[in-house]
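Here the structure comes first, spelled out in structure tokens, and everything after it is commentary.
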Amino acid sequence: MYKYRMDTGLNSMVRLFYALVIILVGFNVSHAEAQSSEPRESSKKTNVIIIFADDLGYGDLGAYGHPTIRTPNLDRMAMEGQKWTNFYVGASVCTPSRAALMTGRLPVRNGMASNVNRVLFPDSHNGLPQTEVTLAEQMKNAGYATVCIGKWHLGHKEEYLPTSHGFDFYYGIPYSNDMDNISSFKSAGDYFSFWRSQERKDINTFNVPLMRNTEIVERPAEQHTITKRYTEEAIKFIKETKDQPFFLYLAHNLPHVPLFASKDFEGKSPRGIYGDVVEEIDHGIGQILNSLKETGLDKNTLVVFTSDNGPWLIMNEEGGSAGLLREGKGSTWEGGMREPCIFWAPGQIAPGVITDIGTTMDLFTTFSVMAGVPIPEDRIIDGMDLSPVLFENKESPRKEMFYYRGDRLYAARVGDYKAHFITQDAYGPEKTEHNPPLLYNLNIDPSEKYDVSKDNPEALEIINKVVKEHNAKMVKGPDQLKDRG
Ligand code: MG
1 MYKYRMDTGL NSMVRLFYAL VIILVGFNVS HAEAQSSEPR ESSKKTNVII
51 IFADDLGYGD LGAYGHPTIR TPNLDRMAME GQKWTNFYVG ASVCTPSRAA
101 LMTGRLPVRN GMASNVNRVL FPDSHNGLPQ TEVTLAEQMK NAGYATVCIG
151 KWHLGHKEEY LPTSHGFDFY YGIPYSNDMD NISSFKSAGD YFSFWRSQER
201 KDINTFNVPL MRNTEIVERP AEQHTITKRY TEEAIKFIKE TKDQPFFLYL
251 AHNLPHVPLF ASKDFEGKSP RGIYGDVVEE IDHGIGQILN SLKETGLDKN
301 TLVVFTSDNG PWLIMNEEGG SAGLLREGKG STWEGGMREP CIFWAPGQIA
351 PGVITDIGTT MDLFTTFSVM AGVPIPEDRI IDGMDLSPVL FENKESPRKE
401 MFYYRGDRLY AARVGDYKAH FITQDAYGPE KTEHNPPLLY NLNIDPSEKY
451 DVSKDNPEAL EIINKVVKEH NAKMVKGPDQ LKDRG
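Take the sequence shown: its position 464, counting from 1, is numbered 464 in our numbering, and each next residue is one higher.
Here you go:
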């Protein structure tokens, strides 16, 4: 400091000149970087890990208020990173929700949402069309190694598997872990009594395949150890790929029922088997974070954790909890589509609780931007870039959320308000159309208890206008889920 005070006027002018040169050069460099569609230097690229749970509800983590499920690793991620409280998925059931994550598009646009079958089944003919651009393809174009571990559920035939959609490697059960059930149910009552029976505790009841790339390597998959093995594969991949930027998509099959935990976790959680399963997933996440630290990758890796849809409430104690949100999986109430979401990247992401709106579709756009790959311009991409929130402490660009069931728009949110045009039980056939729509202020009333449509005509007007614009641009893709058998 003393030295600077002794500077002469001439020295000050020289410093000013150099400062100007530095600013101009710096501007040109950053301008060139911003304009360039070329991927950034490999060594500078941030690794991306998406950890996706299945049917885990908004209220199922310690950090989101569960009293007896112990999730210390996710809770720590939430403390060190950003905990989002208004984060949504693209649909309230598995297949369309995963299509939304992978493509950054509402599944209705590519036919991955259907009124005939809500998800893909083992006898489904189709899957995610090849014409779609996946997040894995985006990352691969940016020079990333790409791996998918776990549940895919976007088509189990070779042309639809992860290895045909931008992933270098796949290891997992290609659809839900309750499929290929060997029991035959004569009625819905049979089906539900099955879930209360001892039979469901037998892995042989679910003849699901475990695949490595395009080959079946185990059938039925040993589900007691599936979470543990997914974690081990993830850690192996991280260690083997540490010198190259990587994108790891780890989509656990659990806590979708049937629930299975390994010996170290079974019978340990006060929450019962559902808690055992979630605690084992959390433990695996702790191991993954440790492996990042051991390899020195923790400074250059972004980890995001969320779930594909809300809790499967009809499974009673074996289903999860949406906490204070209404309803669960299968419905367009908040409990079906709002999920816990934690972003973790120490030193890069400013820690905090984020109440702005985000969606899984935004991950497509955010990570493409981070990797330096252009967003496809030949189609509508619903994803938005959340990096200003993650890295610059700014507002989320997203103010809207559209809630589809099959190919129909049931509800829409703009800002604080959500309007329901149609409501329906998660699995009930009866639907109710609302005119005027039901209106809830989600920030004041996250449980959607108090219809305020009468007092807020202007909020409804705004939502109607946004929906009208949305509908005007909507082109629905041909139904990819309907053909079976
Ligand atoms: Mg699910």
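Don't be surprised by glycine CBs; every beta carbon is placed ideally from N, CA and C.
Nearest residue (CA-CA) to residue i, options the options
i	options	result
Pro-209	Phe-402, Ile-381, Phe-121, Ile-235	Phe-121
Glu-222	Phe-185, Phe-421, Leu-74, Phe-260	Phe-260
Glu-334	Glu-232, Gly-275, Gly-323, Val-119	Gly-323
Tyr-417	Asn-393, Asn-443, Lys-431, Arg-200	Asn-443
Val-89	Gly-328, Ala-234, Asn-441	Gly-328
Leu-439	Asp-451, Ser-447, Phe-52, Glu-430	Asp-451
Glu-487	Ala-419, Leu-481, Glu-430	This structure cannot speak to residue 487, because the chain is shown only from 1 to 485.
Glu-339	Ala-412, Val-217, Phe-305	Phe-305
Thr-231	Leu-289, Asp-60, Asp-190	Leu-289
Met-179	Phe-206, Gly-172, Phe-185	Phe-206
Leu-161	Ile-182, Asn-181, Ala-136, Ala-142	Ala-136
Pro-388	Gly-62, Phe-367, Gln-130, Pro-174	Phe-367
Thr-131	His-156, Ala-142, Ala-99	Ala-99
Gly-415	Glu-377, Glu-458, Leu-390	Glu-458
His-283	Gly-296, Thr-295, Ser-269	Ser-269
Gly-166	Arg-271, Thr-134, Gly-296	Thr-134
Pro-376	Asn-141, Leu-325, Gln-287	Asn-141
Gly-347	Thr-301, Arg-326, Asn-316	Thr-301
Glu-448	His-470, Asn-471, Ala-411	Ala-411
Asp-106	Asp-382, Pro-429, Ser-321	Note on identity: in this sequence residue 106 is Leu, with Asp being the wrong assignment. The shortest Cα separation from Leu-106 among Asp-382, Pro-429, Ser-321 belongs to Asp-382.
Arg-398	Phe-391, Leu-386, Leu-390	Leu-386
Asp-264	Asp-378, His-224, Leu-128	His-224
Gly-336	Asp-425, Ile-216, Tyr-249	Asp-425
Supposed contact pair residue j and residue i - C-beta distance, whole angstroms, cut 8 Å
i	j	result
Val-303	Phe-237	The Cβ separation is near 14 Å, so there is no contact.
Ile-314	Tyr-427	6 Å
Ile-380	Lys-299	Not confirmed; about 36 Å, so no contact.
Ile-342	Met-77	5 Å
Val-369	Phe-247	Their Cβ separation, rounded to whole angstroms, is 14 Å, which puts Val-369 and Phe-247 out of contact at 8 Å.
Met-211	Tyr-170	6 Å
Gln-480	Asn-126	4 Å
Leu-56	Pro-255	6 Å
Asn-521	Lys-482	Because the chain is modelled from 1 through 485, residue 521 falls outside the range shown and cannot be assessed.
Arg-200	Phe-194	6 Å
Asp-75	Gly-65	In fact, because the Cβ distance is near 11 Å, the residues do not count as touching under 8 Å.
Contact check, residue i vs residue j, beta carbons under 7 Å
i	j	result
Ser-124	Arg-484	yes
Thr-227	Ile-281	yes
Thr-214	Glu-158	yes
Glu-400	Val-466	yes
Gly-372	Ile-69	no
Ala-251	Phe-52	yes
Ala-350	Asn-393	yes
Ser-97	Ser-331	no
Met-384	Asp-407	no
Gly-352	Asn-110	no
Asp-445	Asp-54	no
Val-257	Glu-318	yes
Asn-253	Ile-173	yes
Asn-86	Thr-355	yes
Asn-471	Ile-285	no
Ser-262	Asp-60	no
Gln-82	Ala-145	no
Thr-103	His-153	no
Leu-292	Lys-242	no
N-terminal and C-terminal residue of the beta strand (DSSP E) that residue i is part of
i	result
Thr-205	Element bounds for Thr-205: n/a, residue is neither H nor E.
Glu-339	338-344
Lys-157	Segment: none, Lys-157 is in no beta strand (DSSP E) and carries neither H nor E.
Pro-436	431-441
Lys-482	Unbroken run through Lys-482: none, as it is neither H nor E.
Asp-356	352-359
Arg-405	400-405
Trp-195	Not the beta strand (DSSP E): Trp-195 falls in the alpha helix (DSSP H), residues 188-195.
Arg-413	408-414
Asn-86	82-88
Leu-259	That residue, Leu-259, is in no beta strand (DSSP E); it is neither H nor E in DSSP.
Leu-250	246-251
Ser-307	301-307
Extent of the continuous alpha helix (DSSP H) to which residue i belongs
i	result
Gly-286	273-294
His-470	457-473
Glu-233	226-240
Asn-316	Counting along the chain, Asn-316 falls outside any alpha helix (DSSP H), and DSSP gives it neither H nor E.
Leu-135	135-141
Thr-146	No alpha helix (DSSP H) contains Thr-146, which is instead part of the beta strand (DSSP E) from 145-150.
Leu-101	94-103
Phe-391	387-392
Practice item. For the ligand MG, enumerate in chain order all residues having a CB closer than 7 Å to any of its heavy atoms. Key: Asp-54, Asp-55, Val-93, Cys-94, Ser-97, His-256, Asp-308, Asn-309, Lys-329
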